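Read through the structure below, which is laid out as structure tokens, and then see the notes.
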Amino acid sequence: MVKVQDLVKVYRTGRGSVVACDRVSFEVEDGRFFTLLGPSGSGKTTTLRCVAGLERPDGGQIELAGTVVSSDQHGIFIPPNRRDIGMVFQSYAIWPHMTVFDNVAFPLRAGGHRPSSGEVMRRVSQALSTVRLEGLQDRPATKLSGGQQQRLALARALVREPTLLLLDEPLSNLDAKLREQMRLELRQLQRTLRITTLYVTHDQIEALAMSNVVAVMHEGRIMQIGTPREIYERPANRFVAEFIGSMNLIPGKIAGSVEGGLWRVETPYGSIACVVPPDGRPATDVLVSVRPEDIVVVDDDSAGKDAWDASIGQVVFLGESVDCRLAVGDLELRARLHPSFVKRRGDRVRLSFRADRCVAIRLEPPDTETA
Amino acid sequence: MNGTAPATVRVLRPSLRARLPVQLLLPAGIAAIVAYLTLLPLIFLLYGTFFTPTVGGQAGTFTLQNYLRAYTDRSALPIMANSFVFAVGTMVVSLVIGTMLAWITERTNTPLRGLFFAVSLVPLIIPGILFTLSWIFLLSPRIGLLNLWIMRLLGLSAPPFDIYSIGGMIWVEALHWSPIAYLMMSAAFRSMDPSLEEAALMSGSGLAGTFYHVTLKLNVPTLLGASLLLFLRGLETFEVPAIIGLPAGIHVFTSRIYLAIKSYPSDFGLAGSYSTILLVMTLTGIFLYGRITREASRFATITGKGFRPHVIDLGIWKYTMATLIVGYLAVMVVLPMFVLVWNSVLPFYQRPSVQALSMLTIDNYTFVLKLPKTTRAVINSVGLSMGSATIVMVMTSVIAWITVRSRVPGRWLLDNLTSLPLIFPGIVMGVALIWVYLTLPIPIYGTIWILLVAYVTRYLPYGMRTSSAALLQVHRELEEAAETSGASWGRTFRSIILPLLQPALLAGWIYVVIVSIRELSSSILLWGPGAEVLSVYIFDLWQTGHPQELSALGLMLVGFLLVLAMVLRALSQRYGVQH
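Here is the structure:
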């Protein structure tokens, strides 16, 4: 169990200070795969490094497995070598002057209580076979391929059987195909070992595919915490909606409830039925977020009376789907349609929305909106 | 995220060691040592020149007497004039030689230009004192081989050259530093896009015009930097002013300081004020040098594009240029080495002849090796150079870690303290250390320990350059991976950082060994009976009239340094170590 409370980290630069982490709080339950997702500069890596002990937080408290490892209130800071963690770095950080075996054995030998050489041998072999690198022990570490180095770094992080595994963008240096393969492997490994994992990435597909829980970060703050499905289907705010996948945002006002727990939102382009935030009240200004794949386009009246009139803009055939721009008044929507769609630019169509997948997001106060 | 939080949360109280981490104690400790080594001599030097000596427990009082004396001394004006002419002369001559050669080897198709890498090793393996002495053997009006040859060849009645002149001094000094000028200028030429020259040629400019208007002018910042550096070398150097200048009656700052200390009684006040004047000049020079090189990096002669080095076809002229190269090799290596070898195998001094060949002997070698003083000097020199190199590299690897990696506040101060010795000419460091250890109750003056202190202090900046350049190439995450693997700072430093720095540290170590063995200008003021070192010993052999023995000993030293330099070169090429 990892518990981060009100973590603050400020970097002082020549021209002032940058708040890298602004009251970041989250918990990771044992055995879960927790991902910090955000664009570069969002503070996700800084948060991870604070948990590792590589950065000293300026405020807040961090608990690992029931032990406070960092707390400004108690004046506590446990250095990384005394935290029960394993970490994989973006550059892998494989020690080039050691063999594969020595790299993996280092965490066992470096600590206070050293296991016997037989024990080291056994645990190194086990870690190497976990990442499918058996038989390469005596290789110089630099003679491994990129993917193998990645596995080696993982074996090194796992060999002490730490209570927490930290992964800092571990897949970003691999080519696309290898990345996809390692993504599945890493997920499989984590599920098998049931090791609590804190993962940092800027790649939303990685985050969605691997995690039990995702925290989306932006400008040092956590914007939303939830399961991958929640993050994708129920974005809590504009940033999350726009950052994950592509999204159409339509401004409107909540009008009143309709059947099935859905609410009606009036927009300048027509009304739309959708899910609203729990505390959504009529007359609240909202943005309705609609995924491109949740727009239905028809060319007759079968869509019902609530359907909107639209004209077709750019149409791009992508094989698996058709990417289509639709103009409704001054609003441009993006739709992902079935490849059988054959309309042309300028054609008039009617469109409707899959109501249970459309989500109303509260408009943030104007000052944060413009920031 | 439900209610599974443990009932009690353990709060690990960090131990005392964790609260006073090595990351704070170590920098403080090492900063204290570095300040003791580098700042203390400066303070003592300044204090000593501005205050009267402490006598009988009574504190000294402020005085400008020493400086007044230094400026009003009868010899003050000639000393300044000589120093200036000598330094500027050295700068100009070595720059002209170095730039010419750099252009020839980097930009033209002159034959034999491949020989040049060997020349770059010359200043490293032939100590200044030997290079100076060998040119005395060549150009002395009385015994100079070249003089004698030319007199016979042309039937002259008087020797054509006199090394005991300001011209002679400049010639030897400039020649000795010309490889430095060559290296700096060739690096600049190599990184310059040749299409800039080609564009000038296409525009109808001739070869000479192109060289002047494009090649030279584009490299003005490098040229300025090199000029300043060579000017400083000319100011700081001791060997040529002492060995050639003093007998010729041409005094400069460094030789005047030496005389003031060696006179009886020693005139520390005068030596100190001349030292301070010299220090102010080197400080200004190094400051300007820093500014110029920073400026130079903005001068965009280097483009990101990869370009193939292009050479200019000199046509028939390339053979003329080749003779220049042969001539340069002759004056840099062949003639000095020949005259040393010739001296070392003859029982007494004579010009080369068939008759002389029948007298060849190795007696000089066996004789000099049998002297007890030789054994002592060799042991002292080898021990001191290895000891100082080890201390320097161990210290600078830690200092480099602190300044490059840690976030300890005030680490820039440590960086500057470590570079401080750069402003000390060797002789000035000698004067300052005399002051420190005649004042402090640490009885090491005249022993090998004061020499160790001097060498470590002087070569800290050299070690620092190697260590920090190497550490910058070690990815920070390699270190962090060890920390998150449970390794303490000490363990990380030992098992990860040191092994990764090893090739660079070894190269730096050899470099410091080489420069320590050749060190003369500080040692000459600090040594005492029993603490002889090779460079001082060779100086002594010259002054007591043993040219044969010193040639034999000098050649053995050159052989030893050559081996070290080759190892250094191999290391640098294999691991891309930078100096």
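Chains as they are written, first to last, in our numbering: chain A, 189 to 559; chain B, 883 to 1461. Yeah, the Cβ is synthetic: ideal placement off N, Cα and C, and Gly gets one too. Note that this is a predicted model, so its numbers are computed, not measured.
Within chain A, no residue has its beta carbon less than 7 Å from that of T931(B); the closest one is some 38 Å off. Counting along the chain, the unbroken alpha helix (DSSP H) around G971(B) starts and ends at 958–989.
For the stretch 1373–1400 of chain B, the beta-carbon criterion of a distance under 9 Å to any beta-carbon of chain A is satisfied by R1373, T1374, S1377, I1378, P1381, L1382, Q1384. Neighbours of M370(A) in chain B, taken as residues whose beta carbon is under 8 Å from its own, are absent, since the nearest beta carbon is some 19 Å off. Under the three-state reduction of DSSP output, G1026(B) falls in the coil class, being neither helix nor strand. Excluding five sequence positions before and after S313(A), the CB atoms of its chain that fall closer than 8 Å to its own CB belong to E322, Q325, given in chain order. Chain A has no Cβ within less than 7 Å of the Cβ of G1088(B). Every unbroken stretch of the alpha helix (DSSP H) spanning 4 or more residues and falling wholly within the stretch 1222–1298 of chain B is given here in chain order: 1236–1239, 1245–1252, 1254–1282. The C-beta of H526(A) comes no closer than 7 Å to any C-beta of chain B. In the DSSP assignment, A1142(B) forms no beta bridge with any residue.
Judged by DSSP secondary structure, H1058(B) falls outside any beta strand (DSSP E) and instead within the alpha helix (DSSP H) spanning 1048–1072. Within the DSSP bridge table, the entry for F541(A) names I483(A) as partners.
By the beta-carbon neighbour count (other beta carbons within 10 angstroms, threshold 16), P456(A) is exposed.
In the DSSP annotation of this structure, the continuous segment of the alpha helix (DSSP H) that includes Y953(B) starts and ends at 947–954. Apart from the 5 residues on each side of it in sequence, I1273(B) sits with its Cβ closer than 6 Å to the Cβ of V1338 in its chain, given in chain order. Listed along chain A are F277, S279, A281, I282, W283, P284, each with a C-beta nearer than 9 Å to that of L1360(B). DSSP places C462(A) within a strand segment (E or B) once states are collapsed to three. Shown here, L252(A) sits in a strand according to DSSP, grouped into three states. DSSP lists no beta-bridge partner residue for F1043(B).
When only Cα atoms are considered, I1018(B) and T987(B) end up about 30 Å apart. Where C546(A) is concerned, there is no enclosing beta strand (DSSP E), because DSSP gives it neither an H nor an E. V1250(B) places its beta carbon less than 7 Å from that of E1431(B).
The C-beta of W1199(B) has fewer than 16 other C-beta atoms within 10 Å across all chains shown, which makes the residue exposed. The beta carbons of I1125(B) and W1409(B) sit about 17 Å from each other, so the pair does not count as a contact at 8 Å. Among the bridge pairs identified by DSSP, W496(A) is matched with L539(A). The contact set of G299(A) on chain B, defined by CB atoms closer than 7 Å, consists of G1368 in chain order. Against chain B, a Cβ distance below 8 Å from P268(A) picks out E1362, E1365, T1366.
Annotated three-state conformation of A424(A) is coil, per DSSP. Think of a sphere of 9 Å around the beta carbon of A240(A): the chain B residues whose beta carbon falls inside it are E1362, E1365, T1366, in chain order.
Inclusion of V388(A) and L236(A) in the CB contact set at 7 Å is warranted, their separation being smaller than that value. Taking 3 residues as the shortest admissible run, the stretch 1421–1449 of chain B contains no complete beta strand (DSSP E) segment at all. Sequence-distant Cβ neighbours of L521(A) in its own chain, meaning closer than 6 Å and more than five residues away, are N436, L514. Here G1328(B) has L1408, W1409, G1410, P1411, A1413 as same chain residues with Cβ atoms under 8 Å from its own Cβ, once five neighbours each way along the sequence are excluded.
Put simply, the CB of F222(A) is far from chain B, with every gap to its CB atoms at 7 Å or more.
The DSSP-derived three-state label of T235(A) is helix. For T287(A), the beta-bridge partners assigned by DSSP are P328(A).
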